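In the order they appear, the protein sequences are chains A and B.
Residues 1 to 343 (full-length UniProt numbering) are what the first sequence spells out, left to right.
Residues 1 to 343 (full-length UniProt numbering) are what the second sequence spells out, left to right.
Here's the structure we're looking at; comments come further down.
There are 2 protein chains.
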Amino acid sequence: MRGDLSRPATLADVASRAGVSPATVSRVLNGGTAVAPGTRALVEQAIHELEYVVNGHARALAAAASEVVGVIVGDMSDPFFAHIVAGVQDQTFLAGQLALVCSTGGDPSREIGQLEHLRRLRAGGVILVGGAIRDHHHQLELTRQLTGFLRRGCRVVLCGRPPIPDLPQASAITFDNTGGTMRLVEYLTGLGHRRIGYITGPMAQSTSRERLHGFRITARDHDPALVAEGTFTRESGRVAGLKLLRHKGVTAIVAANDLMAAGALAAVRTDGRPVPQQVSVAGFDDIEFCQDTHPPLTTVRLPLREAGATAGGIACGLAQPPAGVIRLNADLVVRGTTGPVRE
Amino acid sequence: MRGDLSRPATLADVASRAGVSPATVSRVLNGGTAVAPGTRALVEQAIHELEYVVNGHARALAAAASEVVGVIVGDMSDPFFAHIVAGVQDQTFLAGQLALVCSTGGDPSREIGQLEHLRRLRAGGVILVGGAIRDHHHQLELTRQLTGFLRRGCRVVLCGRPPIPDLPQASAITFDNTGGTMRLVEYLTGLGHRRIGYITGPMAQSTSRERLHGFRITARDHDPALVAEGTFTRESGRVAGLKLLRHKGVTAIVAANDLMAAGALAAVRTDGRPVPQQVSVAGFDDIEFCQDTHPPLTTVRLPLREAGATAGGIACGLAQPPAGVIRLNADLVVRGTTGPVRE
DNA sequence: CTGAAAGCGCTTACAG
DNA sequence: CTGAAAGCGCTTACAG
């Protein structure tokens, strides 16, 4: 079939085989301008015979257009990110685009490097997922990078992190982290809990700070010693839970995400205290498995996949960037791990 | 700083600002050939001042090299895929490459389209994750696509699916699906279970078929009516579990993955039968949450992240393609959902 | 409806 | 150690 098996066919190959000019082949490919049906058939035949696949790099270079959306996440093994990415991909698929998923492995400095990578590939959209890092230098560098993206017409979306005041052109989709935690803690307070332990995520991240903030302003007479820091992993939640249980009179433990709550649940069990009779436990995010823990986990539901889809739609250019910030609700989901304090 | 703020700086801009030729800038960028220290400094200064970022498309076009690895998965919200992708990304990061993650949403026909997309971008490596589809036409088309990749020197890795006889150049990393299931069922048989219900994944996928095969050849006197088909989701497992429980004398339910096992567990609970006293339940994969179900889920452990990392290393060119198929173990993990049959 | 030509932004032999 | 030039594979005004 092919003359030179080692070299993929080019548009020029197709043109000469079909007996037309490269421009015509390009028109058939892109379908903008009209092409005579007969000519079109000839070209399509040649494309088929040569198993021609357009070179995306050449196209991107010539047309200055990109069909790639970049997504920067923490770690895919965390369901929080996995569900958001699934939502993004629902949209990139619809748009016929590709998602370049970069993970930082939780190391904020990597975020910048990944952005640079995405800039190289001239991503048409970029989505930053999850908590922003507080570090000032990092923020500065981030703003600089994103400015570069915006300047060339790239769509920038912040998903699950606060808007950047200096960059109002960047769309922002936020979760009601503070409100969700407040509703959860108010509910616990209503059940009579007074000494509530809190397992926070890394304090450098906005998500952690917002959730902890909700806890602090709602937990009455709250003892600063009752806050332990984890890393959003199950194991860190287990360790933090064990630590919190050493304090006298703790009747409830709230974790900043479900993974850590699962770890805390295991810690309470290890300690031999019944849940929720002696200790209540709650998480945040409402990942699917919350229904299957023992008892089922009380938590705060976040529409993760929906958030990802919204972000993806904007980043692909399928949806218009919103005028203001899109705020997504965080609803309390009461299950079996929480109950009234025993007198 | 920049003359024209709307246009990103090009290598030519850098060259003229530094007072050198484009070739020299390219040399500084790629670091192959030697460049005089003074010249290098000049160029680096210009790069910095212009905030220059190399155009990856132009580079890929000129050098015919790509720094992108494609990964095709089912759906990121399934931990099976999420963990494998996390492993892949561990390696792409080390290699300084980017992962283009395409999801098929479980629709096999999408796999081909996504591959075509990856071909366009001249991915340097491509990883197909998870079960292969049996459909003959699909197989043919897949082989055709992959041949195209291989022909141009792209590294092809099959991760969690069997090797393709026609394409020995494609690396394959397989899980011991059959053996793992056999060990699980033998263990159950050893506990006295005779009527074991099995929840299989979609029969079109190789993963499902391999696991079911392990079940069939191990379960003694196995009743064909005791196999229900799910879709690897929790909900499908719940529905299938309910169905299996209607059969008389079922003392154990084995699901082809943990998500469906969690659903089955919920079904058994709904039915009011104690686990494992009246019904044993088991899954496959050993995702993290298995430790937290009630009771903790007996399952078969798959080294998912490790598999992803191995695949990623090969796809990035960091590791040599293996001589033969890499077979990964699937170890039985006994927890609380399984126990002896009560007389 | 179609073609010739310039250009997208790099890299890489080839000279020097 | 450095530069001039050709070429990578497309797209897109500009003519006709």
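In this text, a Cβ means the ideal position worked out from N, Cα and C, and glycines have one as well.
In this text, all values refer to a predicted model and were calculated from it rather than measured experimentally.
Under 8 Å between beta-carbons, which chain B residues line up against R305 (chain A)? List them in chain order, please. Counting from 1 along the first sequence, the entry for residue 305 (chain A) is found at position 305. S77, listed in chain order.
For my contact list, V281 (chain B) and A261 (chain B) are in at a C-beta cut-off of 8 Å; report their separation, rounded to the angstrom. Reading the second sequence from its first residue, position 281 is the one you call residue 281 (chain B). Reading the second sequence from its first residue, position 261 is the one you call residue 261 (chain B). Right, their Cβ atoms sit about 6 Å apart.
Buried or exposed for T298 (chain B), going by 16 or more other Cβ atoms inside 10 Å? The residue given as residue 298 (chain B) occupies position 298 in the second sequence. It counts as buried.
Based on DSSP bridge pairs, tell me the residues matched to Q205 (chain A). Taking the first sequence and counting its residues from 1, the one referred to as residue 205 (chain A) is at position 205. Note: Q205 (chain A) sits in a beta bridge opposite A:I133.
Taking the alpha carbon of G125 (chain B) as the point to measure from, which residue in B:H294, B:S103, B:G312 and B:R7 has its own alpha carbon closest? Here residue 125 (chain B) refers to the residue found at position 125 when the second sequence is read from its first residue. That would be B:G312, whose Cα lies nearest to the Cα of G125 (chain B).
Between D286 (chain B) and the rest of its own chain, which residues show a CB-CB distance below 6 Å, the 5 nearest in sequence each way excluded? As a working note, residue 286 (chain B) is residue 286 in the second sequence. The residues are T299, R301 and V333.
Assign V325 (chain A) to one of two classes, buried (16 or more other C-beta atoms within 10 Å of its C-beta) or exposed (fewer than that). The count along the first sequence starts at 1 and reaches residue 325 (chain A) at position 325. Exposed: under 16 other Cβ atoms inside 10 Å.
Taking beta-carbon pairs under 7 Å, can you tell me which members of the stretch 136-152 of chain B lie near chain A? G148, R151 and R152
Residue nearest to S236 (chain B) in terms of C-alpha spacing, selected from B:D223, B:A255, B:V35 and B:D221: By one-based count along the second sequence, residue 236 (chain B) stands at place 236. If we check each option's Cα against that of S236 (chain B), B:A255 comes out closest.
What residues in the stretch 44-61 of chain B bring their beta carbon closer than 7 Å to a beta carbon of chain A? E51, V53, V54, N55, G56, H57, A58, A60 and L61
Taking the C-alpha atoms as reference points, what is the distance between H294 (chain A) and F232 (chain B)? Locating residue 294 (chain A) in the first sequence gives position 294, where the first residue counts as 1. Locating residue 232 (chain B) in the second sequence gives position 232, where the first residue counts as 1. Using only the alpha carbons, I get a separation of about 22 Å.
Does the contact criterion of 3 or more C-beta pairs under 8 Å hold for the stretch 36-52 of chain B versus the stretch 86-100 of chain B? no
Residues of chain B with CB closer than 8 Å to the CB of A252 (chain A), please, in chain order. On the first sequence, position 252 is the one that residue 252 (chain A) refers to. The contacting residues do not exist; A252 (chain A) stays about 18 Å from chain B at best.
Which parts of the stretch 63-110 of chain A are runs of the beta strand (DSSP E), unbroken and 3 residues or longer, counting only runs that do not cross its ends? 68-73 and 98-103
Uninterrupted alpha helix (DSSP H) stretches inside the stretch 237-306 of chain B (no shorter than 4 residues): 258-270
Need the endpoints of the alpha helix (DSSP H) that P38 (chain A) sits in, please. In the first sequence, the residue the question calls residue 38 (chain A) occupies position 38. In the sequence as displayed, the identity of residue 38 (chain A) is Gly instead of Pro. It spans P37 to L50 - the alpha helix (DSSP H) in which G38 (chain A) sits, taken as one unbroken run.
Determine whether the Cβ of A266 (chain A) lies closer than 8 Å to any Cβ atom of chain B. Here residue 266 (chain A) corresponds to residue number 266 of the first sequence, with the count starting at 1. Judged by the 8 Å Cβ criterion, A266 (chain A) is in contact with chain B.
Contacts that L121 (chain B) makes with chain A (C-beta to C-beta distance below 8 Å): One-based indexing of the second sequence puts residue 121 (chain B) at position 121. Those within 8 Å of L121 (chain B) in chain A are G56, H57, V68 and L98.
Reduced DSSP category for G317 (chain A) - H, G, I as helix; E, B as strand; rest coil: The residue labelled residue 317 (chain A) in the question sits at position 317 within the first sequence. Coil, per DSSP.
Specify, as a first and last residue, the run of the alpha helix (DSSP H) that S16 (chain A) falls within. The residue given as residue 16 (chain A) occupies position 16 in the first sequence. Residues L11 to A18.
Let me know the beta strand (DSSP E) ranges lying completely inside the stretch 124-207 of chain A, each 3 residues or longer, listed in chain order. 125-129, 155-159, 171-175 and 196-200
Would you call T24 (chain B) buried or exposed, if buried means 16 or more other Cβ atoms sit within 10 Å of its Cβ? What you label residue 24 (chain B) is simply residue 24 of the second sequence in a count that begins at 1. Counting Cβ neighbours within 10 Å, T24 (chain B) comes out buried, since at least 16 surround it.
Does the Cβ-Cβ distance between R195 (chain A) and V250 (chain A) come in under 8 Å? The residue labelled residue 195 (chain A) in the question sits at position 195 within the first sequence. The residue labelled residue 250 (chain A) in the question sits at position 250 within the first sequence. In contact: R195 (chain A) and V250 (chain A) (Cβ atoms closer than 8 Å).
Reducing DSSP to helix, strand and coil, say where A23 (chain A) ends up. Residue 23 (chain A) sits at position 23 when you count from the first residue of the first sequence. Residue state, collapsed to three classes: helix.
Exposed or buried, L212 (chain A), counting other C-beta atoms within 10 Å across all chains shown (16 or more means buried)? Start at 1 with the first residue of the first sequence, and residue 212 (chain A) comes out as number 212. By the neighbour-count rule (16 or more Cβ atoms within 10 Å), L212 (chain A) is buried.
Can you give the beta carbon distance from G308 (chain B) to I84 (chain B), rounded, assuming they're within the 8 Å contact cut? Position 308 of the second sequence holds residue 308 (chain B). Position 84 of the second sequence holds residue 84 (chain B). Indeed, because the Cβ distance is near 4 Å, the residues count as touching under 8 Å.
For D221 (chain B): DSSP bridge partner residues: Against the second sequence, residue 221 (chain B) aligns to sequence position 221. None, per the DSSP bridge assignment.
Residues of the stretch 163-183 of chain B whose Cβ lies closer than 7 Å to any Cβ of chain A, in chain order: none
CA-to-CA distance, D258 (chain B) to F80 (chain B), given in whole angstroms: For the purposes of this step, residue 80 (chain B) is identified with residue 80 of the second sequence, where counting begins at 1. For the purposes of this step, residue 258 (chain B) is identified with residue 258 of the second sequence, where counting begins at 1. Between F80 (chain B) and D258 (chain B), the C-alpha separation is close to 9 Å.
So what does L328 (chain B) bridge to, in DSSP terms? As a first step, residue 328 (chain B) is located in the second sequence; it is residue number 328 there, counting from the start. Note: L328 (chain B) sits in a beta bridge opposite B:F175.
Tell me whether A18 (chain A) counts as near the ligand ATP, meaning its Cβ is closer than 7 Å to at least one heavy atom of that ligand. By its list of ligands, the structure shown contains no ligand whatsoever, and the ligand ATP lies outside what it can speak to.
Quick check on V341 (chain A): does DSSP put it in helix, strand or coil? Within the first sequence, numbered from 1, the residue matching residue 341 (chain A) stands at position 341. Looking at V341 (chain A) - three-state DSSP - the assignment turns out to be coil, as it is neither helix nor strand.
Please compile the residues from chain A whose C-beta is within a distance smaller than 8 Å of the C-beta of G201 (chain B). Indexing the second sequence from 1 puts residue 201 (chain B) at position 201. Residues of chain A passing the Cβ test: none, with the nearest at roughly 17 Å.
Proximity below 8 Å, CB of I199 (chain B) to CB of A264 (chain B): Here residue 199 (chain B) refers to the residue found at position 199 of the second sequence. Here residue 264 (chain B) refers to the residue found at position 264 of the second sequence. It is a contact, given that the beta carbons lie within the stated cut-off.
Apart from the five residues on each side of it in sequence, which residues of its chain come closer than 6 Å, Cβ to Cβ, to I173 (chain B)? Position 173 of the second sequence holds residue 173 (chain B). So the list reads C159, A307, T310, A311 and I326, once near-sequence residues are dropped.
Contacts that E116 (chain B) makes with chain A (C-beta to C-beta distance below 8 Å): Along the second sequence, read from residue 1 onward, the residue named residue 116 (chain B) stands at position 116. Simply V53.
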